[in-house]
Amino acid sequence: MTNQTPHPVSRLERVLAYMVASVVGLSILAFVMVIIATAMGVGANDGFSRGIWPPIFILPLYGLPFGFVLIIALMISVGVRRSREARRDRE
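Going from the sequence shown to our numbering is simple: count from 1 and add 11.
Below, the structure is given as structure tokens:
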């Protein structure tokens with residue numbers, strides 16, 4: 012009979028998962044904020060170039076690709092762990 016006990020998630024996988032969720036979540040939130048601010052007229056008269064808006068405007072530009080790289084790193088980490096477990100279970 013095979014061992015069906017779930018193995019605990021490693022700290023690296025947990026950290027990567029939380030980083031993906033936070034980076035992508037903040038990027039989507041910033042994107043929605045820009046959409047709402049544009050609808051409210053903040054962009055008129057060059058309003059996005061002052062105050063807090065430049066970092067909010069740029070966050071999705073860097074955050075979403077970084078989140079994609081983190082997702083790939085998480086997939087590689089899980090794949091390596093599962094292959095090690097499968098190799099260990101075969102022996």
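Ideal placement from N, C-alpha and C gives every residue a C-beta, glycine not left out.
Contact set for residue i: own chain, Cβ-Cβ below 7 Å, skip 5 residues either direction
{"i": "His18", "result": "Glu96"}
{"i": "Leu70", "result": "Leu37, Ser38, Ala41"}
{"i": "Met44", "result": "Ile67"}
{"i": "Asn56", "result": "none"}
Beta-carbon gap between residue i and residue j smaller than 9 Å
{"i": "Leu81", "j": "Met30", "result": "yes"}
{"i": "Ala84", "j": "Leu27", "result": "yes"}
{"i": "Ala50", "j": "Phe59", "result": "no"}
{"i": "Phe77", "j": "Val34", "result": "yes"}
For residue i, the three-state DSSP class (helix, strand or coil)
{"i": "Ser21", "result": "coil"}
{"i": "Ala55", "result": "coil"}
{"i": "Glu102", "result": "coil"}
Nearest-angstrom beta carbon gap, residue j and residue i [assumed within contact, 8 Å]
{"i": "Val89", "j": "Glu24", "result": "6 Å"}
Same chain, Cβ closer than 8 Å to residue i, neighbours up to 5 away in sequence not counted
{"i": "Gly54", "result": "Ala48"}
So within the stretch 27-102, which uninterrupted alpha helix (DSSP H) runs reach at least 4 residues, ignoring any that extend past its ends? As far as the stretch 27-102 is concerned, its whole alpha helix (DSSP H) runs of at least 4 residues are 64-101.
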